[in-house]
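J.: One structure coming up, written as structure tokens, with questions to follow.
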Amino acid sequence: MNVRTVLLAGAVALLASLTIFALSVDLKLLGDNSGYKPAQPIAYSHALHAGELRMDCLFCHTGAEKGRHAGIPPASTCMKCHEVVVNRAGTKPGVSDPSPEIARLRQAVQSGQPIAWVRVHRLPAHVQFPHSRHVNAGVPCQACHGEVQGMERVEQARPLNMGECLACHRAENQKQQQAGRAPGAPTDCTACHH
Ligand code: HEC
Ligand code: HEC
Ligand code: HEC
Ligand code: HEC
Ligand code: HEC
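All letters in the sequence shown, in the order written, are residues 41 to 234 by this note's numbering.
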């Protein structure tokens with residue numbers, strides 16, 4: 041082996057390891073947004089509405105059993121109650137000053153502009169995730185989103201990366217096969233990547 045060959049082999053090895061490093065950093069960044077917890081334009085609390093008041097997730101996220109997106113409710117859904125309830129003490133007689141958060145909600149309704157909620161969960165554009173198939177198969181929201189009914193502000197609870205999708209799909213299919221049913225959760229690339 042001459043010096044040139046050794047240098048060339050070294051350069052190739054270095055380039056390869058740099059590429060692998062860059063890819064792994066990229067994959068981690070893309071794959072793990074858990075802990076992301078952005079501030080929202082109105083301090084809406086799931087702990088209060090879905091926890092204490094025990095409202096059903098599907099009352100507001102009506103798309104979750106119908107199609108790809110769970111959907112965020114329009115302000116008119118909030119106004120079903122907040123025409124009357126103006127603050128945390130609003131159910132008590134004699135108190136009528138709206139809380140600043142409810143005042144913001146009413147302003148949004150009057151302006152006719154949708155509330156600019158900040159999106160928490162977002163898969164890369166090359167991935168297809170249909171909510172309805174999961175919800176109708178009985179997978180609870182919490183399996184993917186954590187204990188949302190205890191959150192004052194929504195936080196991404198899990199990485200929701202490809203490894204997690206596949207781990208659940210494989211476990212699910214194994215259960216189905218053991219019960220003598222056809223597996224329904226896909227593991228082929230094109231089911232999730234179009
Ligand atoms: C009264 C209406 C209402 C109810 C009931 C409700 N939500 Fe929400 N949800 C919202 C609103 C408004 C937002 C957007 C603001 C925010 O993120 O807090 C939201 C956001 C979310 C998000 C984050 C979406 C994103 O941007 O990625 C998840 C996940 C979620 N809700 C799950 C649930 C689950 C699970 C339940 C039941 C335990 C539930 N919600 C009950 C109104 C509701
Ligand atoms: C089913 C009725 C109902 C719906 C629908 C509803 N809320 Fe509420 N909300 C309440 C009640 C009741 C309270 C007061 C709870 C208490 O007194 O402990 C409240 C309290 C609040 C507060 C706290 C006010 C304060 O004084 O701090 C905010 C903010 C709020 N809601 C926003 C929203 C938003 C935004 C939506 C729509 C996404 C919504 N609510 C939908 C019933 C509802
Ligand atoms: C199997 C996992 C899984 C289950 C079960 C699940 N979600 Fe999601 N959810 C996700 C993923 C992944 C995203 C991001 C989707 C994207 O970016 O296309 C998401 C996004 C969301 C969003 C914001 C974007 C949208 O689709 O509107 C809301 C709101 C939401 N989920 C609510 C719910 C509720 C409510 C339930 C239960 C009724 C639920 N999810 C069940 C995985 C799940
Ligand atoms: C907690 C378990 C669980 C997790 C996590 C999960 N899935 Fe699924 N998924 C299922 C089950 C169960 C089915 C089969 C539903 C049926 O049989 O109808 C399914 C079905 C699907 C389908 C098939 C839909 C169709 O039309 O055939 C797609 C696509 C899919 N999942 C994508 C994803 C993606 C992308 C992720 C990760 C972001 C994910 N899933 C995470 C349980 C899960
Ligand atoms: C059950 C759903 C599912 C299946 C099946 C699946 N993927 Fe993925 N894949 C995902 C999700 C979700 C992501 C985005 C999150 C992440 O990067 O882990 C992803 C990310 C990727 C990426 C990273 C792309 C990037 O942006 O860096 C590649 C490459 C990839 N998938 C290839 C494949 C191949 C090849 C197969 C078949 C052997 C496959 N996937 C099967 C859900 C799936």
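Glycine included, C-beta positions come from ideal geometry on N, C-alpha and C.
It should be emphasised that the depicted structure is a prediction, and the values quoted were computed from it without experimental measurement.
Figure out for me which residue from Ala165, Pro180, Arg221 has the closest Cα to the Cα of tyrosine 172.
T.: According to the sequence shown, residue 172 is serine rather than tyrosine. Nearest option by C-alpha distance: Pro180.
J.: With respect to 6 angstroms, is the separation between the Cβ of leucine 200 and the closest non-hydrogen atom of ligand 4 below this value?
T.: The answer is yes for leucine 200.
J.: Relative to the alpha-carbon of alanine 91, which residue among Glu123, His209, Val194, Gln150 has its alpha-carbon at the smallest distance?
T.: The question names alanine, yet the displayed sequence has glycine at residue 91. Glycine 91 has its Cα closest to that of Val194, out of Glu123, His209, Val194, Gln150.
J.: Have a look at lysine 120 and aspartate 228 and give me their C-alpha separation to the nearest angstrom.
T.: Rounded to the nearest angstrom, the two C-alpha atoms are 44 angstroms apart.
J.: For a quick check, are the C-beta atoms of valine 158 and glutamine 196 less than 7 angstroms apart?
T.: Against a cut-off of 7 angstroms, the Cβ pair of glutamine 196 and valine 158 comes out as no contact.
J.: Quick check: is any heavy atom of ligand 1 less than 6 angstroms from the C-beta of arginine 159?
T.: Yes, the beta carbon of arginine 159 sits closer than 6 angstroms to at least one heavy atom of ligand 1.
J.: Hey, would you say methionine 202 sits closer than 7 angstroms to alanine 87, going by beta carbons?
T.: Not a contact, by the Cβ cut-off of 7 angstroms.
J.: Quick check: is any heavy atom of ligand 1 less than 6 angstroms from the C-beta of glutamine 189?
T.: Yes, ligand 1 has a heavy atom inside 6 angstroms of this Cβ.
J.: Sorry if obvious, but does the Cβ on cysteine 184 come closer than 6 angstroms to a heavy atom of ligand 5?
T.: No, the beta carbon of cysteine 184 sits no closer than 6 angstroms to any heavy atom of ligand 5.
J.: What does the Cβ neighbour count give for histidine 234, buried or exposed, with the cut at 16 atoms within 10 Å?
T.: So histidine 234 ends up on the exposed side.
J.: Over what stretch of residues does the alpha helix (DSSP H) that includes leucine 98 continue unbroken?
T.: Element bounds for leucine 98: 97-100.
J.: Enumerated in chain order, which unbroken segments of the alpha helix (DSSP H) with a length of 4 residues or greater are wholly contained in the segment 177-230?
T.: For the segment 177-230, whole alpha helix (DSSP H) runs of length 4 or above, ordered along the chain, are 181-185, 202-218.
J.: Does ligand 3 have even one heavy atom less than 6 angstroms from the beta-carbon of arginine 162?
T.: Indeed, a heavy atom of ligand 3 lies less than 6 angstroms from the Cβ.
J.: Throw me the rounded Cβ distance for the proline 81 and isoleucine 155 pair, which I believe falls under 8 angstroms.
T.: Indeed, because the Cβ distance is near 6 angstroms, the residues count as touching under 8 angstroms.
J.: Does the beta carbon of cysteine 208 come closer than 7 angstroms to any beta carbon on chain D?
T.: No chain D is part of this structure, which consists of one protein chain only.
J.: Which residue or residues does DSSP assign as beta-bridge partners of valine 167?
T.: Note: valine 167 sits in a beta bridge opposite His233.
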